[in-house]
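Here the structure comes first, spelled out in structure tokens, and everything after it is commentary.
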Amino acid sequence: MSLAHTTGHLLLILLLIEAGKTLGNAHSLCLDLTVKSQSRPGQPWCQVQGSVDTKPFLQYDSASNKVKPLGFLGKEVNDTKAWTEISQTLVEAGRELRMVLPVIKLDKKEMRGPPTLQVKLCCQREAEQCSGASLHFSLNGRTALLLDTMSITWTVIDPGATGIKEEWENNQELAEYFRTISTGDCSYWLREFLKHWEKMLVPEPTGPDSSLCPNSFLPTSPFSPPSLISYRSSQVFPGLSSSSAGKPRACMARPPDPPSDTHGPCVLDSVQREQKQLQQKSGDLGA
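Using mature numbering (1 follows the signal peptide of the UniProt record, and there is no 0), the letters of the sequence shown map in sequence onto residues -24 to -1, 1 to 263.
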């Protein structure tokens, strides 16, 4: 494989991993798993954080053996079938990855105790179908390998880290397990979670033409087209008090239209200008 092709392929996968920066209507689900072969008593050997469009919505650790919801989306979906399935899968995936650790070999210069394996599993949906899936392997915080699980194409970043690619190629059951999760289960979970995102987006109320008055537009949600708005989190309004954080907020509606016998400020200004112009013309004619 040529260097140009490898570099181009790597860039495509990295774009997928940067889920929130995808264009159009693409959405992504990523699961960040950190697995250690050894841990201190009471400390987790496996930790996971899940995010949709880079927004965290769940976390898991092996010490508590519990999956906890994060943010508004986590609270919306933690009683769904997809949540139950993803919770069970995280426990199983952590165990499978822990079994890979003994076969990992690093350069002697990099050996600083037992290695820590980080795996970022991502999938992307666009136009109601899975449009990408990948596994991003890091060892002790350094990127080692990238695997496009749709085309089963490897990109080696750190030649000094060996064992992962070989284990994936030799253990077909392991390879098929993670391929199914990334290209099948992950896409299904993302589809189900996106249904709840849509419920959290409120259509903008109709009203007078916003061009009549300045500053009459409403900010849009980063997860929606311009015709949708969301005021459900402090991320949209950083100035929200701590007492209101974590609580769903209703859509901030546009102020009601003024009664017909009184005009809006911009309309009044227009009428007054016209009256003044007519008075000036009458004065000029009288002169």
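In this text, a Cβ means the ideal position worked out from N, Cα and C, and glycines have one as well.
**Message:** Extract the residue ranges of the alpha helix (DSSP H) inside the stretch 77 to 151, only unbroken runs of 4 or more that lie entirely within it.
**Reply:** Complete alpha helix (DSSP H) runs here, min 4: 140 to 146.
**Item:** Same chain, Cβ closer than 8 Å to PHE33, five either side skipped, listed in chain order
**Value:** Same-chain partners within the cutoff: GLY26, SER27, PRO45, LEU46, GLY47, LEU49, GLY50, VAL53, PHE169.
**Request:** Identify, in the order they occur along the chain, each residue of the same chain with its Cβ nearer than 7 Å to the Cβ of PRO231, setting aside the five sequence neighbours on each side.
**Result:** Because PRO231 carries a pLDDT of 38, less than 50, the predicted location of this residue cannot be relied on, and the following value inherits that uncertainty. Correct list: empty, nothing qualifies.
**Request:** Can you say whether THR131 is buried or exposed, counting buried as having 16 or more other CB atoms within 10 angstroms of its CB?
**Result:** Buried.
**Asked** Using the rule of at least 16 other Cβ atoms within 10 Å of the residue's Cβ for burial, across every protein chain shown, is PRO17 buried or exposed?
**Response** Classification for PRO17: exposed.
**Message:** I need the boundaries of the beta strand (DSSP E) containing GLY26, first residue and last residue.
**Reply:** Looking at the DSSP string, the run of the beta strand (DSSP E) that includes GLY26 is 22 to 28.
**Message:** With distance defined between alpha-carbon atoms, name the residue in THR56, LEU9, ALA103, GLN14 nearest to TYR36.
**Reply:** Checked all of THR56, LEU9, ALA103, GLN14; the closest Cα to TYR36 is LEU9.
**Message:** Our contact map puts GLU174 next to VAL79 with C-beta atoms below 8 Å; I'd like the distance itself, whole angstroms only.
**Reply:** Contact flag wrong, Cβ pair sits at about 43 Å.
**Request:** Find out if the Cβ-Cβ distance for the pair GLY139, LYS81 is shorter than 8 Å.
**Result:** Yes.
**Prompt:** Going by Cα to Cα distance, which pick from LYS31, GLY89, GLN100 is closest to ASN116?
**Reply:** The residue with the shortest Cα to Cα distance from ASN116 is GLY89.
**Request:** Using three-state DSSP, classify LEU49 as helix, strand or coil.
**Result:** When DSSP states are grouped into helix, strand and coil, LEU49 belongs to the helix group.
**Assigned secondary structure, ASP8 (DSSP; H/G/I helix, E/B strand, else coil)** = Of the three classes helix, strand and coil, the one that applies to ASP8 here is strand, per DSSP.
**DSSP-derived helix/strand/coil call for GLN14** = Three-state DSSP puts GLN14 in coil, outside helix and strand.
**Cβ separation of LEU5 and LEU166, assumed to be a contact under 8 Å, to the nearest whole Å** = So it is a contact: roughly 4 Å between Cβ atoms.
**Message:** Between which two residues does the alpha helix (DSSP H) holding SER163 run?
**Reply:** Element bounds for SER163: 162 to 175.
**Asked** Do SER40 and CYS22 have their CB atoms nearer than 8 Å?
**Response** Taking the C-beta atoms as reference points, CYS22 is found no nearer than 8 Å to SER40.
**Prompt:** Which residue from GLU149, VAL24, ILE133 puts its Cα closest to that of VAL11?
**Reply:** Comparing Cα-Cα distances from VAL11 to each of GLU149, VAL24, ILE133, the minimum goes to VAL24.
**Asked** Of all the options ASN1, ALA109, THR92, which has the alpha carbon lying nearest to the alpha carbon of MET126?
**Response** For the residues ASN1, ALA109, THR92, the minimum Cα distance to MET126 belongs to ALA109.
**Integer-rounded CB distance, given that ILE133 should sit under 8 Å from ALA120** = About 6 Å separates the two Cβ atoms, so the contact holds.
**Request:** Have a look at GLN94 and LEU7 and give me their C-alpha separation to the nearest angstrom.
**Result:** The straight-line gap from Cα to Cα measures roughly 10 Å.
**Message:** So, at 6 Å on beta carbons, what are the nonlocal neighbours of GLN100 in its own chain, with the 5 sequence-adjacent residues on each side left out?
**Reply:** For GLN100, the CB contacts under 6 Å within the same chain, skipping 5 residues up- and downstream, are LEU(-9), ALA2, SER4, SER107, GLY108 in chain order.
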